[in-house]
Amino acid sequence: MIDKHSALPREQEILFTMHSVFRIVEIIQAPSNSRLWEVQLTITDESDPQLAGLTNRIKEEISGRGWYRMGQLMLKVGHFDQAEELYNELLKGASDNSVRAHIYHELGRVKKGQGEYPEAVKFYEKTLEIKRETLPEDDASLADTYGNIGIVYDSMGEYSKALEYYEKSLKIREVSLSPNHPDLATSYICIGIVYTSMGEYSKALEYYEKSLKIREISLPPTHPDLAQSYNNIGGVYYNMGEYSKALPLLEKTLDIFRKSLPSTHPHIENVMNSITVVKKKL
């Protein structure tokens, strides 16, 4: 049990090593005794495609070497103060501008995570200043920084600025990435969220559907990100008063969350509440 170390201790999570020789198929509470649970397992081996996919995804998300990889991991798990301390030490020994640009970018992520949005923008702008000196305007790494600046402005409620930077990021990604790349789906989602916040639901729907199309191709059918796309589209239809269209999308969302998240996860309760509200509107 790792509930003492979890951000959501109510979930009562149990941690298994990635290289366990089994997978959990289903967990069923015994009807005769609420304290007993039946766990159905299936045997697996090192060639498990789901494990291989997860491992590759983790490697993609936590890149770099040595202390830089450690910094990525700290950001991933939300240890922003420790990450800031590490990156400030690395900055002191940075040998060239490309290294400094990377560290400034990560410090921007730190400040965003700490809720210090103006400071986050300053670090991202430092990154852009260095990158623009040596990189073409359509370089993919610029898209990441533009996108992160957009996220900060979105968090600040400055939607027009957020949209400006999201569109800069998208423009580069549409040229430099494959049509079904996950980063493209992320760009579409971000723009859709801004349009939703601005009440421009038709435009939001357009971008959410673009993101969904990519995710349906590139992700497993029970991936939580796919559920996010269904949930976003369902939310837009709800805001537009098209409840009959919202309901099946929210039900798809709930089905995926139940298969991919613990039963006590707040996402499940939130979607169930949304479904209840929609049904009352029908």
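Quick note, the sequence shown lines up with residues 1 to 282 if you use UniProt numbering. The beta-carbon is built from N, C-alpha and C at its ideal position, and this holds for glycine as well.
When you compare each of A94, T186, S187 and Y208 to T196 by their alpha carbons, which one comes out closest? When each option's Cα is compared against that of T196, the closest is Y208.
Taking 7 Å as the threshold (C-beta atoms), are V194 and A162 in contact? Their beta carbons are under 7 Å apart, which means A162 touches V194 by this criterion.
Taking the Cβ atom as the reference point for each residue, do L128 and T145 lie within a distance shorter than 7 Å? For L128 and T145, yes; Cβs fall inside 7 Å.
So T42 is in the beta strand (DSSP E); what residue range does that whole segment cover? Start and end: W37 to I43.
Extent of the continuous alpha helix (DSSP H) run through V99: N97 to G113 is the span of the alpha helix (DSSP H), which, as asked, contains V99.
Select from S263, Y188, V99 and P266 the residue whose C-alpha is nearest the C-alpha of N232. For N232, the closest of S263, Y188, V99 and P266 by C-alpha to C-alpha distance is Y188.
In the structure shown, what three-state DSSP assignment does E84 receive? Here E84 sits in helix by DSSP.
Only counting runs of 4 or more residues, tell me where the alpha helix (DSSP H) segments fall wholly within the UniProt repeat "TPR" (227 to 260), in order along the chain. Note on the UniProt repeat "TPR" (227 to 260): whole alpha helix (DSSP H) runs with a minimum of 4 residues are 243 to 260, in chain order.
Name, in chain order, the residues that DSSP records as bridge partners for I217. Per DSSP, none; premise fails for I217.
May I ask you to report which of helix, strand or coil DSSP gives E125? Three-state result, E125: helix.
If you draw a straight line from the C-alpha of V271 to the C-alpha of D255, how long is it? Between V271 and D255, the C-alpha separation is close to 10 Å.
Is it the case that the Cβ atoms of S211 and S229 are separated by a distance below 7 Å? Cβ distance < 7 Å, so S211 and S229 count as in contact.
Could you check if G93 is buried or exposed, using at least 16 other CB atoms within 10 Å of its CB as the buried criterion? Exposed is the label assigned to G93, since fewer than 16 other Cβ atoms lie within 10 Å of its Cβ.
Looking only at its own chain, which residues have a Cβ that is under 6 Å from the Cβ of V236, when we skip the five neighbours before and after it? Here the set comprises Y201, A204 and L205.
For I268: DSSP bridge partner residues: Beta bridge pairing from DSSP links I268 with no other residue.
Please name the residue, chosen from E106, N33 and E38, that lies closest to K67 on a Cα-to-Cα basis. The amino acid occupying residue 67 in the given sequence is Trp; Lys does not appear at that position. Per the Cα distances, E106.
Per DSSP, what kind of secondary structure is V175 in: helix, strand or coil? Looking at V175 - three-state DSSP - the assignment turns out to be helix.
I24 bridges to which residues according to DSSP? Note: I24 sits in a beta bridge opposite L41.
Does the separation of the CB atoms of Y117 and V152 fall below 7 Å? Contact flag set, yes.
The alpha helix (DSSP H) spanning T186 covers which residue range? Counting along the chain, the alpha helix (DSSP H) containing T186 begins and ends at P182 to S197.
Measure the CB-CB distance between Y159 and C190 and report whether it falls below 7 Å. In this structure, C190 does not lie closer than 7 Å to Y159 by Cβ.
I need the straight-line Cα distance from S141 to L282, nearest angstrom please. Between S141 and L282, the C-alpha separation is close to 46 Å.
What is the residue span of the alpha helix (DSSP H) that T145 lies within? Annotation: the continuous alpha helix (DSSP H) that includes T145 extends over A140 to S155.
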